[in-house]
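A.B. asks:
2 protein chains.
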Amino acid sequence: MPVRVLVVEDDEGIAWPLRRGLARSGYEVETVASGREALEAGPADVVLLDLGLPDLDGLEVCRRLRALSDAAVIVVTARGEEGDRVAALDDGADDYLVKPFGLAELEARIRAVLRRMNPGRTHYTVGPLTVDPRTRRTTVRGEEVALTPKEFDILECLVADPGRAISRQELLTRVWDENWYGPTRVLDVHVAALRRKLAIEGLIETVYGHGFRVVPGAEVGD
Amino acid sequence: MPVRVLVVEDDEGIAWPLRRGLARSGYEVETVASGREALEAGPADVVLLDLGLPDLDGLEVCRRLRALSDAAVIVVTARGEEGDRVAALDDGADDYLVKPFGLAELEARIRAVLRRMNPGRTHYTVGPLTVDPRTRRTTVRGEEVALTPKEFDILECLVADPGRAISRQELLTRVWDENWYGPTRVLDVHVAALRRKLAIEGLIETVYGHGFRVVPGAEVGD
DNA sequence: GGGCAATGTTCAGATCCGGTAAGGACTGGC
DNA sequence: GCCAGTCCTTACCGGATCTGAACATTGCCC
Numbered sequence: 005m006p007v008r009v010l011v012v013e014d015d016e017g018i019a020w021p022l023r024r025g026l027a028r029s030g031y032e033v034e035t036v037a038s039g040r041e042a043l044e045a046g047p048a049d050v051v052l053l054d055l056g057l058p059d060l061d062g063l064e065v066c067r068r069l070r071a072l073s074d075a076a077v078i079v080v081t082a083r084g085e086e087g088d089r090v091a092a093l094d095d096g097a098d099d100y101l102v103k104p105f106g107l108a109e110l111e112a113r114i115r116a117v118l119r120r121m122n123p124g125r126t127h128y129t130v131g132p133l134t135v136d137p138r139t140r141r142t143t144v145r146g147e148e149v150a151l152t153p154k155e156f157d158i159l160e161c162l163v164a165d166p167g168r169a170i171s172r173q174e175l176l177t178r179v180w181d182e183n184w185y186g187p188t189r190v191l192d193v194h195v196a197a198l199r200r201k202l203a204i205e206g207l208i209e210t211v212y213g214h215g216f217r218v219v220p221g222a223e224v225g226d
Numbered sequence: 005m006p007v008r009v010l011v012v013e014d015d016e017g018i019a020w021p022l023r024r025g026l027a028r029s030g031y032e033v034e035t036v037a038s039g040r041e042a043l044e045a046g047p048a049d050v051v052l053l054d055l056g057l058p059d060l061d062g063l064e065v066c067r068r069l070r071a072l073s074d075a076a077v078i079v080v081t082a083r084g085e086e087g088d089r090v091a092a093l094d095d096g097a098d099d100y101l102v103k104p105f106g107l108a109e110l111e112a113r114i115r116a117v118l119r120r121m122n123p124g125r126t127h128y129t130v131g132p133l134t135v136d137p138r139t140r141r142t143t144v145r146g147e148e149v150a151l152t153p154k155e156f157d158i159l160e161c162l163v164a165d166p167g168r169a170i171s172r173q174e175l176l177t178r179v180w181d182e183n184w185y186g187p188t189r190v191l192d193v194h195v196a197a198l199r200r201k202l203a204i205e206g207l208i209e210t211v212y213g214h215g216f217r218v219v220p221g222a223e224v225g226d
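As structure tokens, then:
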């Protein structure tokens, strides 16, 4: 899902290159030229807000935006006095950038606020399987499957990197202890239990002489 | 709970007034003068990181900090080229402030990142349960339930992230001491007391071999 | 196909884990 | 000191889980 950026800027000489540069980087950009339009625009992930708007006070727009959506607001303005910055930040802005600025920095700041907003991916999905390390729950076709701790840990290692063949040694050191020496048959037992419980034909593939891998395009079993 | 700020700065002429100003505003400030100390310091909510450190590369410290904690990192440095900013922001910094700067702006930026980190909620609600960390009161179906300090701390950890399976280790380190080694049965005792007092069937679920979790859709018990 | 090593399957005993109760230590108020 | 509340430890138990071994099967290589 592309990141949606709303540019609120009445100066076309700034709005146009901004739109162009952001779009080129893969953002979905919408541009409006007034505070009223900004408040009526579609949902956005990030709002670039110029404070010098023709109709409403910029800070008022900032407050209202924050009240009615969860979008990050980056204020972009020519006024750079400390008092202005403090006021904007305390009115809900997530960042404050003074014109003129480089596109590279703007995009880095967008990435920074987005990173803080979305605490990374919460769960993995491989075909009909979902694995959520946060809740330690596993579902197949929407039905929860009860896994034991070891089974879950093994599965998590595997689905975290679909398609990659993970060696027995790596699984043993990651799921069991840091350094493991003894028999490795215990791993097969748990993998067998996983295959039986998940019942997804071909999901966990054996890489002979090496380890296991989950197949991204696995089909539903019986 | 006060906000903990870690100041990483080797110039005492800057570190000292910073510490003083932040402390006066109610922050709990810890100051270190090297990257190594920064990585070994106690947990913090915000890290003010000077990039010109004597031992380690500042950006390396930034990456490592973000890898091992969830603290917000605000880079504070004299170097203000756009390339430096982009590099720092992409290495995990949440904000980038060029010296010299005003204390008011710094504090506004701290408030901004904290606001983005904590979705400004004053109390938690899970089904018929409400938990208010500010007043340390707990109610079930509107009736106040008297909890002991430990019980409250445990419950707060659990409801702060409903659905998440929180490990015994995490609970022990967050409610008890930073590093905990000994017997862990005390946790079970308190959880048992919580379950009995709250009397919400299925609210606190045991995640076998891992820890506990509160179930968002828990029903009212008898 | 034959030999061999790796893997799959099954199962019972060992081990681990969490619930619970009881008792003692500690603390702060009076 | 006494008391009530809180916290911690210990011990026991039932159940879930892990593991090692034995045997069956599969895949690789010649």
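Read top to bottom, the protein sequences are chains V and E.
When you read off a place in the first sequence, starting at 1, and then add 4, the result is the number in my numbering.
When you read off a place in the second sequence, starting at 1, and then add 4, the result is the number in my numbering.
Where is the CB? At the ideal position from N, CA and C, for every residue including glycine.
1) Going by other Cβ atoms of all chains shown within 10 Å of its Cβ, with 16 needed for buried, is G221(V) buried or exposed?
2) At a CB distance below 9 Å, what residues from the region 153 to 178 of chain E approach chain V? Give them in sequence order.
3) Under the three-state reduction of DSSP, which class applies to T177(V): helix, strand or coil?
4) Name, please, each residue of chain E whose Cβ falls closer than 7 Å to the Cβ of A82(V).
5) Jot down the residue ranges of each uninterrupted alpha helix (DSSP H) in the region 7 to 33 of chain V, minimum 4 residues, whole runs only, in chain order.
6) May I ask you to list the residues that DSSP assigns as paired with G215(V)?
7) So which residues on chain E does R68(V) lean against when the C-beta distance must stay under 9 Å?
8) For the region 33 to 53 of chain V, enumerate the residues whose C-beta is nearer than 9 Å to any C-beta of chain E, in chain order.
9) Buried or exposed for E182(V), going by 16 or more other Cβ atoms inside 10 Å?
10) So is L52(E) buried or exposed if we call it buried at 16+ other beta carbons inside 10 Å?
11) If we cut at 8 Å on Cβ distances, does V102(E) have a partner in chain V?
12) Applying the 10 Å Cβ sphere with the 16-neighbour rule, what's the burial state of F105(E)?
13) DSSP state of I114(E), grouped into three classes?
14) Of all Cβ atoms in chain V, is any one closer than 8 Å to the Cβ of A203(E)?
15) State whether the region 191 to 199 of chain V contacts the region 141 to 158 of chain V, with contact taken as three or more CB pairs (one from each stretch) at a distance under 8 Å.
16) Checking 8 Å against the spacing of the C-beta atoms, do E109(V) and S29(V) come in under that value?
17) Within the chosen definition, does the region 76 to 95 of chain E reach the region 44 to 61 of chain E through at least 3 CB pairs nearer than 8 Å?
18) Go through its chain and collect everything with a Cβ distance to E239(E)'s Cβ below 7 Å, but skip five positions before and after it.
19) Among residues of its own chain, excluding the 5 on either side of V160(V), which ones have a beta-carbon nearer than 7 Å to its beta-carbon?
20) Per DSSP, what are the beta-bridge partners of Y185(V) in this structure?
21) If R115(E) sits next to D99(E), beta carbons under 8 Å apart, how far is it from one beta carbon to the other, in whole angstroms?
22) Nearest chain V C-beta to L93(E) closer than 8 Å, yes or no?
23) Please classify D54(E) as buried or exposed, where buried requires at least 16 other C-beta atoms within 10 Å of its C-beta.
24) Quick one: Cα of V224(V) to Cα of S171(V), how far?
25) Is the distance from the Cβ of C66(E) to the Cβ of D88(E) below 8 Å?
26) Ordered along the chain, which non-local residues of its own chain (more than five positions away) have a Cβ less than 8 Å from that of E148(V)?
27) Going by DSSP, what residues sit across from E148(V) in a beta bridge?
28) Compare the C-alpha of D59(E) against each of A19(E), R83(E), D14(E), G167(E) and name the closest.
29) Going straight from the alpha carbon of V163(V) to that of P132(V), what length do you get?
30) Using a Cβ-Cβ cut-off of 7 Å (strictly less than) and excluding sequence neighbours within five positions of P166(V), which residues of its own chain qualify?
31) Kindly say whether R115(E), judged by its beta-carbon, lies nearer than 8 Å to any beta-carbon of chain V.
32) Can you say whether L72(V) is buried or exposed, counting buried as having 16 or more other CB atoms within 10 angstroms of its CB?
33) Starting from I158(E), trace the alpha helix (DSSP H) in both directions and tell me its first and last residue.
34) What are the start and end residues of the alpha helix (DSSP H) that includes A42(V)?
35) For P6(E), which residues of its own chain have a beta-carbon under 6 Å away from its beta-carbon, when the five flanking residues on both sides are left out?
C.D. replies: On the basis of the supplied data:
1) Here residue 221(V) refers to the residue found at position 217 of the first sequence. Using a 10 angstroms sphere on the CB of G221(V), the tally of other CB atoms stays under 16, which defines it as exposed.
2) Taking 9 Å as the cut-off between beta carbons, the residues of the region 153 to 178 of chain E near chain V are D165, G167, R168, A169, in sequence order.
3) To locate residue 177(V), count along the first sequence from 1; it is residue 173. Reduced to three states, the DSSP call for T177(V) is helix.
4) Numbered from 1 along the first sequence, position 78 holds the residue referred to as residue 82(V). Going along chain E, no residue has its Cβ under 7 Å from A82(V), so there is no contact; the nearest lies around 17 Å.
5) The qualifying runs are 16 to 28.
6) Locating residue 215(V) in the first sequence gives position 211, where the first residue counts as 1. DSSP, once it has assigned bridges, lists S171(V), V211(V) as partnering G215(V).
7) By one-based count along the first sequence, residue 68(V) stands at place 64. None at all; the shortest Cβ gap to chain E is about 16 Å.
8) The region 33 to 53 of chain V vs chain E, Cβ under 9 Å: nothing.
9) Here residue 182(V) corresponds to residue number 178 of the first sequence, with the count starting at 1. Classification of E182(V): exposed, given that the 10 Å Cβ count is below 16.
10) Here residue 52(E) corresponds to residue number 48 of the second sequence, with the count starting at 1. Result: buried.
11) The residue you call residue 102(E) lines up with position 98 of the second sequence. No, V102(E) does not count as interfacial toward chain V.
12) The residue given as residue 105(E) occupies position 101 in the second sequence. With a 10 Å radius around the Cβ and a threshold of 16 neighbouring Cβ atoms, F105(E) comes out exposed.
13) Here the question's residue 114(E) lines up with position 110 in the second sequence. It is helical.
14) As a first step, residue 203(E) must be located in the second sequence, where it is residue number 199. So no, A203(E) is outside the interface.
15) Contact holds: three or more Cβ-Cβ distances are below 8 Å.
16) Locating residue 109(V) in the first sequence gives position 105, where the first residue counts as 1. Locating residue 29(V) in the first sequence gives position 25, where the first residue counts as 1. The Cβ-Cβ distance between E109(V) and S29(V) does not fall below 8 Å.
17) Per the Cβ contact rule, the region 76 to 95 of chain E is in contact with the region 44 to 61 of chain E (3 or more Cβ pairs under 8 Å).
18) This structure cannot settle anything about residue 239(E), because the visible part of chain E is limited to 5 through 226.
19) Here residue 160(V) corresponds to residue number 156 of the first sequence, with the count starting at 1. The amino acid at residue 160(V) is misidentified as Val; the sequence shows Glu. Exclusion of the five residues before and after E160(V) leaves V135, P137 as the residues of its chain whose Cβ lies within less than 7 Å of its Cβ.
20) Indexing the first sequence from 1 puts residue 185(V) at position 181. Bridge partners of Y185(V): none, in fact.
21) On the second sequence, position 111 is the one that residue 115(E) refers to. On the second sequence, position 95 is the one that residue 99(E) refers to. Between the beta-carbon of R115(E) and that of D99(E) there is about 11 Å, and that puts the pair past the 8 Å contact cut.
22) For the purposes of this step, residue 93(E) is identified with residue 89 of the second sequence, where counting begins at 1. At least one chain V Cβ lies under 8 Å of L93(E).
23) Translated into the one-based positions of the second sequence, residue 54(E) becomes position 50. Sixteen is the threshold: when 16 or more other Cβ atoms of the shown chains lie within 10 Å of the Cβ of D54(E), as they do, the residue is buried.
24) Counted from its first residue, the first sequence places residue 224(V) at position 220. Counted from its first residue, the first sequence places residue 171(V) at position 167. Low local confidence applies: a pLDDT of 49 at V224(V) is under 50, so the model's placement there is unreliable, and no value is given.
25) Here residue 66(E) refers to the residue found at position 62 when the second sequence is read from its first residue. Here residue 88(E) refers to the residue found at position 84 when the second sequence is read from its first residue. The answer is no: Cβ separation not under 8 Å.
26) Taking the first residue of the first sequence as position 1, residue 148(V) is located at position 144. Cβ within range, chain order: R141, T142.
27) As a first step, residue 148(V) must be located in the first sequence, where it is residue number 144. Residue pairing of E148(V) in beta bridges, as defined by DSSP: T143(V).
28) Taking the second sequence and counting its residues from 1, the one referred to as residue 59(E) is at position 55. When each option's Cα is compared against that of D59(E), the closest is D14(E).
29) As a position in the first sequence, residue 163(V) is number 159, starting the count at 1. As a position in the first sequence, residue 132(V) is number 128, starting the count at 1. Between V163(V) and P132(V), the alpha-carbon positions lie close to 12 Å from each other.
30) By 1-based counting over the first sequence, the position of residue 166(V) is 162. Within the same chain, V130, V218, P220 come within 7 Å of P166(V) by CB-CB distance, once the 5 residues on both sides are set aside.
31) For the purposes of this step, residue 115(E) is identified with residue 111 of the second sequence, where counting begins at 1. Interface residue, yes.
32) Taking the first residue of the first sequence as 1, we reach residue 72(V) at position 68. With a 10 Å radius around the Cβ and a threshold of 16 neighbouring Cβ atoms, L72(V) comes out exposed.
33) Within the second sequence, the letter at position 154 stands for residue 158(E). Start and end: 153 to 163.
34) Counted from its first residue, the first sequence places residue 42(V) at position 38. Taken as a continuous stretch (DSSP letters only), the alpha helix (DSSP H) holding A42(V) covers 39 to 44.
35) In the second sequence, the residue the question calls residue 6(E) occupies position 2. Here the set comprises E32.
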